[in-house]
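Under my numbering, think of the first position of the sequence shown as 108, with each following residue one higher.
Report on the structure given below.
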Amino acid sequence: MTGADRRGTRAQRLAMPLARNVVKDLAAEHGACQRPVQLRRTEIDTGYVEQVLLPCGHTLASVCPPCAERARILRATQCREGWHLDREPVIDPDPATAEQRALVTDRAEVQADRDALANEGLDAADLEERIGELDEQITDAGTRGNVLPNRSHRHRSTRRRQDAAPLPRRPVSSRTVGKTYTAPDGKTFRPSLFVTLTCPSYGRVCEDGAPADPDAYDYRQAARDALHFAALFDRFIQNLRRLVGYDLQYFAAVEPQRRLAPHVHIAIRGTISRAELREVIAATYHQVWWPSTETVKYDGGHLPVWDEHTGTYLDPSTGEVLPNWDEALDTIGGEDEPLHVARFGQRFDAQGVLAGSRDASRCIGYLTKYLTKHVGDCHQAATDAQATHAVRLSDALRYEPCSPTCANWLRYGIQPKKARPGLRPGCCKGKAHRREYLGYAGRRVLVSRKWSGKTLADHRADRRAWLTGMLGLPAIDPARYAWEPVKPGDPDHMPNGQRLLHVVADRIQWQTALEQARRRAAEAGLPATGRAA
Ligand SMILES: [Zn+2]
Ligand SMILES: [Zn+2]
């Protein structure tokens, strides 16, 4: 057979799989990263150089499915480990270093001098500058938080609104684990909670999530609730902690409903009655004290212009300087209403869940289901009505200010905070305006600090330790090697196809090794549980 015969007809050739796609599919099948990162590892003592391929670690399945799936499983592990803890997780900060102590001592002296000057009505600007420098050095030296709380010069009314239900307040103790209950037969159990909170109604929606009457659907409210959803969730947790009186812990995942409004699934350690939850939901609100966006002052070709000299935006016709962010905030009067008040919908879902039960696994499945997708990709539009709905929501988000620094403030005649040249209303770079975020640009997983007592990196290290233990590999001393990224121009750079081939080969090799180790462990009667990396 000649070469031409072997290639066959054009149609036959087109039906053949592309060789590089076969490699990609094979990599996916073996759970190998699709875009491995190449690093050059040099053993410092010997100068021996090796190429190491690391997984890209992306959390989106649209970028790298195997890495996204590993990240999702890691989140599920984190969720499972913290949910039903019966002991307080130990999180002791390291003792302060000599450098940290010395800096804080300096800081104390400068503060005392500054306060003495200020008391006598003298200028303390130099010392205040020094305090600022010291605060930065203290943070750079590896401490958390600030020596003094940030003094905000702006005091907004924190009075409860008339329409918010009053909430009983108990002092919050440092306990984080829930109560244990004893059944009549003496068995003890510690139930935890799975709660789902949604946004209020913006208008009736059909089965497919699209509004029954799009013109009556409150897109503005929907857009603003999505923008401020993270802040509302924070409020809810604060209120819940006050009501239960202990340092309640949670693992929460934010995702969109079919109507494209965010909702949040929350695994809560310990249990709370439905009545108490209802009370907290009803009393929880988040007020957004931003300037009014009622009047559009600049639009189309009539936009504020940047003035290089003063570093401010000016009115294009009069040359008048636009009020800056702080000035705009100062004009909000005592009689004014907040720009927006975000609340949860009254309907919520809550179920008790016992440790290790099938329910617990199912709920962890819900909590991590959509983590490998962008918010906007969780529900693909299948009907015209759904597509139109998505477009209308994104239109509503286009001119809604996403933050104090949002370019959209110029539309309402206000210079955004930290104004800089090149800002254009309707073209803010903030994630919240992008189609794939649906107005919610916050983190998808919200975990309280004392959930499992471990960071994601700790959970990853656990998994690696289990794997190296299982394979009987020696622990690697990180100080033995120097690492550098390999750049495309370097002589040892491997193109992605070559990297993929290596990764597939490595993966097959260690999967075989892991299987053998498991078999040996089983024969020796040792436990071989754990999750493959
Ligand atoms: Zn990857
Ligand atoms: Zn914005």
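Heads up, the beta-carbon is just placed ideally off N, CA and C, and yes, glycines get one too.
From a predicted model like this one, the values you see are computed outputs, not experimental measurements.
By the neighbour-count definition (other C-beta atoms within 10 Å, threshold 16), TYR477 is a buried residue.
Every beta strand (DSSP E) stretch that sits fully inside the region 432-519 and reaches 3 residues is listed by chain position as 447-449 and 455-460. The criterion of a C-beta distance shorter than 8 Å is satisfied by CYS534 and ALA514.
Two segments are said to touch when three or more pairs of C-beta atoms, one from each, lie closer than 8 Å; by this definition the region 554-568 touches the region 175-185. DSSP links PRO369 through a beta bridge to PRO363. As for any alpha helix (DSSP H) of minimum length 4 sitting wholly inside the region 188-248, the runs are 205-226 and 232-247, ordered along the chain. Comparing alpha-carbon positions, the option among ALA359, LYS557 and LEU255 lying closest to THR283 turns out to be LYS557.
When DSSP reads this structure, LEU553 sits in a beta bridge with ALA359. Separation of MET601 and MET123 (C-alpha to C-alpha, rounded to the nearest whole angstrom) is 26 Å. With a minimum length of 4 residues, the unbroken runs of alpha helix (DSSP H) contained wholly in the region 541-595 fall at 563-578. With distances taken between CA atoms, THR391 lies nearest to ASP341 out of PRO363, ASP341, GLY352 and PHE358.
The beta carbon of GLU157 is closer than 6 Å to those of ARG148 in its chain, skipping five residues each way along the sequence.
Residue state for ALA168 is assigned as coil, using DSSP reduced to three classes.
Annotated three-state conformation of PRO318 is strand, per DSSP.
Excluding residues up to 5 positions away in sequence, LEU234 lie with their Cβ nearer than 7 Å to the Cβ of ASP220 in the same chain. Relative to HIS447, the option among ARG531, ALA359, PRO595 and ALA329 whose CA is nearest is ALA329.
Between ligand 2 and the CB of ALA514, the shortest heavy atom gap is smaller than 7 Å. In this structure the region 517-524 touches the region 425-441; the number of beta carbon pairs closer than 8 Å is three or more. With a threshold of 16 other beta carbon atoms within 10 Å, TRP590 falls short and is exposed. Taking every protein chain shown into account, the CB of VAL302 has 16 or more other CB atoms within 10 angstroms, so this residue is buried. Secondary structure remark: continuous alpha helix (DSSP H) runs of at least 4 residues inside the region 124-184, in chain order: 126-136. A distance of 8 Å or more separates the beta carbons of TYR353 and VAL460.
In the three-state scheme derived from DSSP, where H, G and I count as helix and E and B as strand, ALA374 is classed as strand. By the C-beta density criterion, GLN356 is buried, having at least 16 other C-beta atoms within 10 angstroms. Between ILE245 and GLN218, the C-beta gap is not smaller than 8 Å, which leaves the two residues out of contact.
When the five nearest sequence neighbours on each side are left out, the beta carbons in the same chain lying within less than 7 Å of the beta carbon of LEU161 are those of PRO143, VAL144 and LEU146, in order along the chain. Residue nearest to LEU474 within the set VAL254, ALA203 and GLU362 is GLU362 (criterion: CA-CA distance). Here DSSP, grouped into helix, strand and coil, assigns TYR326 to helix. If you draw a straight line from the Cα of PRO592 to the Cα of CYS163, it comes to about 13 Å. Taking the CA atoms as reference points, GLU442 sits about 27 Å from CYS306.
By a beta-carbon distance limit of 8 Å, ARG349 contacts ARG276. Their separation comes to about 5 Å. Remark: the shortest separation between the CB of GLY164 and any heavy atom of ligand 1 falls under 7 Å. Annotation: LEU421 is outside any alpha helix (DSSP H); the continuous beta strand (DSSP E) that includes it extends over 419-421.
Distance from the CA atom of LEU367 to the CA atom of TYR544, rounded to whole angstroms, is 10 Å. Annotation: LEU429 is outside any alpha helix (DSSP H) and is labelled neither H nor E by DSSP. Exclusion of ARG567 from the 7 Å shell around ligand 1 follows from its C-beta lying no nearer than that to any non-hydrogen atom of the ligand.
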